[in-house]
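Heads up: the protein sequence lines correspond to chains A and B, in order.
Residue numbers for the first sequence follow the working numbering, beginning at 2 and rising by one.
Residue numbers for the second sequence follow the working numbering, beginning at 214 and rising by one.
One structure is given below, encoded as C-alpha cells.
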Amino acid sequence: MVQGITGRDGGFHASKMREYGTRIVGGTSPGKGGTVHDGFPVFNTVSQAVKETSADTSIIFVPAPFVKDAVMEAADGGIKLIIVITEGVPTLDFIAARHYATALGARIIGPNCPGLISPGKSLVGIMPGNIFTPGRTGVISRSGTLTYEVVYNLTRAGIGQSTAVGIGGDPVAGLYFIDLLQMFQGDPDTDSIVMIGEIGGDAEERAAAFIKEHVTKPVFSFIAGRTAPADKRMGHAGAIISSGTGSAKEKIAALEAAGVVVVNEPAEIPAKLKAVV
Amino acid sequence: MKIHEYQGKELFDKMGIPTVKGVVCRSVQEALSAYGELGLKRAVVKAQVLTGGRGKAGGIKLGNNAGEIAAAAESILGMEIKGLVVDRVMVAEAVDIAAEYYFSFAVDRNAKSVVMILSREGGVEIEEVAAKTPEKIYKIPIFPFVGIPDFLAKKAASMLFDDWQLVMQGKDLIRNLYKLMVTTDASLVEVNPLVVTTEGRLIALDAKLNFDDNALFRQPEIEALFEPDEEEKRELEAKANGFSFVHLGGEIGCMVNGAGLAMATMDLIKLYGGKPANFLDIGGSSNPRKVIEAMKLLLSDKEVKVVLINIFGGITRCDDVARGLITAFNEIKTDIPIVIRLTGTNEKEGRALLEGTPFHSAETMGEAIQKAVALV
C-alpha cells in the first residue's frame, strides 16, 4: 500500500509500481477514504487499509513533517515492512518513529531512499525499473542515482540483480549495510554483493568488520566522496566528514582489509565481478 | 547548523542550566565596559567562532584588571582560528575550578538514538580521550518516548560525582540539557568542560550546540541565529532553488542529479587529473528553469573553465532533459565548453536531440569526464 497515494509523487509512483508488476492494493489519504484514485482504493487510515486489503508492506510519500506519524501509523496498523521515500525528515522524529515501529516488530527502509526492487518480480520504490534485469547480484546503496549508475553498468555487462536496496542518505536510518549483508548472505538467489557507500559515519567500517566475520560471498564496493572537503554536508544529510572521521580513505582501507574489492569508478565493477564470480 | 558559545549560553540560561555571567563584545571598548558592568576582578576573554580548538589557538585568555582585559580582547579580536576571523569575544566570569568533566547528548548513527556521553576526563578533546582511554567514557542510549527518568539522571550523575549534593545538581542539569536538545531539535549539546567550582557549584563552562538542518522549518528561533559565511550564502541561494551546492575551488563546474552521483562525479574528475569546481546536486527534474539557475550558479564562479552535466534520467526521460537543456542554453549564452552526459530512459532520443548543438555529448560517465578534463 501507498501512504500519501493522492499526492503528486505518491500517485505517480503507485502507478509506476503497478506497471512494473507490484501488487499495489491501495493507499491512504486522510479525508479521502472511500474514493478511488487512478484505480486504487483510498482509505482514511492504515488500519482500515490493512483490514480491507491485507497489505503487509507500505511505502511512504507524505511530506517530511508528517513522516513520524505515518511510520508509527503503519506499524500500529500491522505493516511489517515500511519504506520511507520522503527526504528532509527531522532526525529526532525518525529516531522516535523507528523505536515505536521496531517495538511492534516492523522493519524500516529509509528515509530519504529510492526503495527496493527485485527485478522482474516487484518494485517498492521510485527506481527506474527498466535499467534493472533479473540476476544473482545483490545491491545495497546509500544513494539513488549513483545506484542507477552502478546497476546500469551491471545490466549492460549482462550481470543481473537479485534485489537492490537503497538504504538512504540520512544519518539515522532503518535497515542498514549489516542487516542487508546478512540477508544477502542467506539469500539462495544471490551469489555476489555490490555495496555502494559514501562519506560520513562509520557504517562502511562496521560493514567491513561484519563481512570479514560473516560474509563468504564476494563483495564489491564503490565509495563516493573521496574528494569531499571536511565539515561540509554533501547533499545527503548523512554525508559529512566530521572531526576527522567518516572519510572515504578510512572506509576504503577497512573494506579492502576485509577482502572487499573496492573500485575507483562504478564502470569497473562488472569486469571485477566477472573475474571472480 | 552551528551557533556561537554565547548563543548556546543564552539557551542554557533560559532552560535553567547554570552558566557563568558573560557578555558578548565586538570591540576592545565593548569588552572594557562589559568588564566594568560585570563588576568582576578576574575575567576570561573567549573568542566566539564556529569551530573548536579555541584554547590551543590562543583564543581564550584570562585578565585580572582592565588593562589585561583590553590586551586580551585586542589580541583575540581579528585573529584567525582554523581560517575563521574572530569578530567577537565573550567577556565572562572566571571561576575557580576544582574539577572538570565532559558531558554531551548526541545523535548516534549506530545506536539509532540520542546518546548521553559522559566522562570524568573533561576540559580536553573528547576524541583524544576516546582514542587513548575509551574505558573512561560512558555512553547511555536514551529511549525517545521515555527520555530521562529520575533514576537515569541520578545514575548518570553518579558516574561523574561521588558527592550526593553534586549528584542532585547534576541530575537537574542532565534533565534540562535533554529537554533543550529535544525542544530545539539539536543534534549535539555538548558541555566541555562541565566544572565543579571550589565552592561546590556545578557550572556549564562551555556550550556547544549543533542543530538538525532538517528540523529548522519548525525552529524559527534557532534558524534566526544562523550566520552564514560567504560560501554558506551561496549554498543557501542554491538551496532556495532546490539544489545542494558546495564550492570546491577547481575548474570543472559540475551539474549532476543526485547527491551520490554528484560526489562520484567529483571523485572521477580528480581521478582523471582534473579539479572539480563544486558539488552541485540539482535533484530530479528536467525543468529548464532549474538548469538555467544551476548554470548561472556555476558561471558565477570565474574559475570555471568547463561545465560538465551528468544526468542519470531515471523516471525522468532523457529526451525531456535534452529539450530542457536546449531551452536553457538558448537563454544563457556562454563561451564555456559544455560536456553533457545523458543516460537512462530514452537516452538515444536525448542524445540525438543534442546532435548539431555546440554541446560535447558523451555516452558514459568516464567518457564525459575525460572530455571535460581535456577541454580545461
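Glycine included, every Cβ here is placed at the ideal spot set by N, Cα and C.
Note that the structure is predicted; figures quoted are calculated from it, not measured.
* Taking DSSP as the reference, what is the three-state secondary structure of ARG301(B)? -> In the second sequence, the residue the question calls residue 301(B) occupies position 88. ARG301(B) falls in the coil class under three-state DSSP.
* Alpha carbon of MET372(B) to alpha carbon of SER332(B), nearest angstrom -> Residue numbering aside, residue 372(B) sits at position 159 when the second sequence is read from its first letter. Residue numbering aside, residue 332(B) sits at position 119 when the second sequence is read from its first letter. Straight through space, the alpha carbons of SER332(B) and MET372(B) are spaced by roughly 8 angstroms.
* Using 8 angstroms as the threshold, is the stretch 234–241 of chain A in touch with the stretch 217–224 of chain B, meaning 3 or more CB pairs across them? -> By the Cβ criterion, the stretch 234–241 of chain A is not in contact with the stretch 217–224 of chain B, since fewer than three pairs of Cβ atoms, one from each stretch, lie closer than 8 angstroms.
* **CA-to-CA distance, PRO406(B) to GLY526(B), given in whole angstroms** => Residue numbering aside, residue 526(B) sits at position 313 when the second sequence is read from its first letter. Residue numbering aside, residue 406(B) sits at position 193 when the second sequence is read from its first letter. So the alpha carbons of these two residues sit roughly 51 angstroms apart.
* Sequence-distant residues of its chain with Cβ nearer than 6 angstroms to SER119(A) (five each side left out) -> As a first step, residue 119(A) must be located in the first sequence, where it is residue number 118. Only THR164 meet the Cβ criterion.
* To do: Please state whether DSSP places ASN491(B) in a helix, a strand or coil.
  => Working through the second sequence from its first residue, we reach residue 491(B) at position 278. Judged by DSSP in its simplified three-state form, ASN491(B) adopts strand.
* To do: For chain A, find out if any of its Cβ atoms is closer than 8 angstroms to the Cβ of PRO357(B); answer yes or no.
  => In the second sequence, counting from the first residue as 1, residue 357(B) sits at position 144. Nearest CB-CB separation between PRO357(B) and chain A: below the 8 angstroms threshold.
* Proximity winner among ARG19(A), PHE13(A), ALA71(A), relative to THR29(A) (alpha-carbon distances) -> As a working mapping, residue 29(A) is identified with position 28 in the first sequence. If we check each option's Cα against that of THR29(A), ALA71(A) comes out closest.
* Would you please verify whether the beta carbon of ARG322(B) is less than 8 angstroms from any beta carbon of chain A? => As a working note, residue 322(B) is residue 109 in the second sequence. By this cut-off, ARG322(B) is an interface position.
* Asked: Which runs of the alpha helix (DSSP H), 4 residues or longer, sit entirely within the stretch 425–486 of chain B?
  -> Counting only runs of 4 or more, we get 433–436, 443–453, 472–484.
* To do: Using a Cβ-Cβ cut-off of less than 8 angstroms, list which residues of the stretch 79–99 of chain A approach chain B; keep chain order.
  => Within the stretch 79–99 of chain A, the residues whose Cβ lies closer than 8 angstroms to some Cβ of chain B are GLY89, VAL90, PRO91, THR92, LEU93, ASP94, ILE96, ALA97, ARG99, listed in chain order.
* **Straight-line Cα distance separating ALA343(B) from ARG207(A)** => Working through the first sequence from its first residue, we reach residue 207(A) at position 206. Working through the second sequence from its first residue, we reach residue 343(B) at position 130. Taking the CA atoms as reference points, ARG207(A) sits about 17 angstroms from ALA343(B).
* Figure out for me which residue from ILE582(B), LYS392(B), ALA260(B) has the closest Cα to the Cα of PRO362(B). => Your numbering for residue 362(B) matches position 149 in the second sequence. Of ILE582(B), LYS392(B), ALA260(B), the residue nearest in Cα terms is LYS392(B).
* ASP398(B) touches chain A at which residues, Cβ-Cβ below 7 angstroms? -> Start at 1 with the first residue of the second sequence, and residue 398(B) comes out as number 185. Chain A residues near ASP398(B): PRO91, LEU93.
* Asked: Between which two residues does the beta strand (DSSP E) containing LYS222(B) stretch?
  -> Along the second sequence, one-based indexing puts residue 222(B) at 9. From DSSP, LYS222(B) is part of no beta strand (DSSP E) but of the alpha helix (DSSP H) over 218–227.
* Do the stretch 406–415 of chain B and the stretch 306–323 of chain B touch if we need at least three Cβ pairs shorter than 8 angstroms? -> Yes, they touch.
* Asked: Would you say ASP398(B) and ALA417(B) are within 8 angstroms of each other, going by their C-beta atoms?
  -> On the second sequence, position 185 is the one that residue 398(B) refers to. On the second sequence, position 204 is the one that residue 417(B) refers to. No, they are not a contact pair.
* **DSSP three-state assignment for GLY526(B), whether helix, strand or coil** => Taking the second sequence and counting its residues from 1, the one referred to as residue 526(B) is at position 313. Note: GLY526(B) maps to strand in three-state DSSP.
* **Nearest-angstrom beta carbon gap, GLY175(A) and ILE80(A) [assumed within contact, 8 angstroms]** => The count along the first sequence starts at 1 and reaches residue 80(A) at position 79. The count along the first sequence starts at 1 and reaches residue 175(A) at position 174. With a contact defined as Cβ atoms closer than 8 angstroms, ILE80(A) and GLY175(A) miss out at about 13 angstroms.
* Asked: In terms of residue numbering, what span does the alpha helix (DSSP H) encompassing PRO501(B) cover?
  -> Walking along the second sequence from the start, residue 501(B) turns up at place 288. That run of the alpha helix (DSSP H) goes 501–512.
* To do: Mind listing the chain B neighbours of GLU266(A)? Cutoff is C-beta to C-beta under 7 angstroms, in chain order.
  => Translated into positions along the first sequence, residue 266(A) becomes position 265. Taking a Cβ-Cβ threshold of 7 angstroms, the residues of chain B close to GLU266(A) are LEU481, LEU484, GLY579, in chain order.
* To do: Note down, in chain order, each residue of its chain lying with its Cβ closer than 6 angstroms to the Cβ of VAL166(A), except the 5 sequence neighbours on either side.
  => As a first step, residue 166(A) must be located in the first sequence, where it is residue number 165. Only LEU117, ILE141, LEU181 meet the Cβ criterion.
* Check whether the Cβ of TYR149(A) lies closer than 8 angstroms to any Cβ atom in chain B. => As a first step, residue 149(A) is located in the first sequence; it is residue number 148 there, counting from the start. Any Cβ of chain B closer than 8 angstroms to the Cβ of TYR149(A) would place that residue at the interface, and such an atom is present.
* To do: Kindly list, in the order they appear in chain A, the residues whose Cβ is closer than 7 angstroms to that of GLY471(B).
  => Counting from 1 along the second sequence, the entry for residue 471(B) is found at position 258. For GLY471(B), the residues of chain A that pass the 7 angstroms Cβ criterion are SER144, GLY145, THR146, LEU147, in the order they occur in the chain.
* Nearest chain B C-beta to THR228(A) closer than 8 angstroms, yes or no? -> Position 227 of the first sequence, counting from 1, holds the residue named residue 228(A). Taking Cβ atoms only, chain B reaches closer than 8 angstroms to THR228(A), which makes this a yes.
* To do: Leaving aside the five residues before and after SER144(A) along the sequence, list all residues of the same chain whose C-beta is less than 8 angstroms from its C-beta, in chain order.
  => One-based indexing of the first sequence puts residue 144(A) at position 143. Hits under 8 angstroms: GLY167, GLY170, ILE197, GLU199, ALA225, HIS237.
* CB contact below 8 angstroms: GLU199(A) versus chain B -> Counting from 1 along the first sequence, the entry for residue 199(A) is found at position 198. Yes - at least one Cβ of chain B is within 8 angstroms of the one on GLU199(A).
* Check the Cβ-Cβ distances between PHE439(B) and every residue of chain A, and say whether any is below 8 angstroms. => Mapped onto the second sequence, residue 439(B) falls at position 226. Chain A contact via Cβ: absent.
* Asked: Relative to the alpha-carbon of ALA104(A), which residue among LYS483(B), PRO357(B), ALA585(B) has its alpha-carbon at the smallest distance?
  -> Residue mapping note: residue 104(A) aligns to position 103 of the first sequence, counting from 1. Considering only LYS483(B), PRO357(B), ALA585(B), the residue with the shortest C-alpha distance to ALA104(A) is PRO357(B).
* Can you name the residues of chain A whose CB is closer than 7 angstroms to the CB of ASN491(B)? -> Within the second sequence, residue 491(B) is the residue found at index 278, counting from 1. In chain order: nothing, as chain A lies at least about 11 angstroms away.
* **Among VAL47(A), THR146(A), LEU147(A), ASP94(A), nearest to VAL26(A) - alpha-carbon criterion** => Looking up residue 26(A) in the first sequence gives position 25. Of the candidates VAL47(A), THR146(A), LEU147(A), ASP94(A), the residue whose Cα lies closest to the Cα of VAL26(A) is VAL47(A).
* Asked: Terminal residues of the continuous beta strand (DSSP E) containing GLN49(A)?
  -> In the first sequence, counting from the first residue as 1, residue 49(A) sits at position 48. From DSSP, GLN49(A) is part of no beta strand (DSSP E) but of the alpha helix (DSSP H) over 47–54.
* Cβ-Cβ distance between VAL220(A) and ILE179(A) below 8 angstroms -> What you label residue 220(A) is simply residue 219 of the first sequence in a count that begins at 1. What you label residue 179(A) is simply residue 178 of the first sequence in a count that begins at 1. Cβ atoms of VAL220(A) and ILE179(A): not closer than 8 angstroms.
* **Range of the contiguous beta strand (DSSP E) that encloses ALA260(B)** => Within the second sequence, numbered from 1, the residue matching residue 260(B) stands at position 47. 256–260 is the span of the beta strand (DSSP E), which, as asked, contains ALA260(B).
* **GLY383(B) vs LEU422(B) beta-carbon contact at 8 angstroms** => Here the question's residue 383(B) lines up with position 170 in the second sequence. Here the question's residue 422(B) lines up with position 209 in the second sequence. Cβ atoms of GLY383(B) and LEU422(B): not closer than 8 angstroms.
* At a cut of 8 angstroms, does the stretch 56–72 of chain A reach the stretch 88–97 of chain A through at least three beta carbon pairs? -> Yes, they touch.
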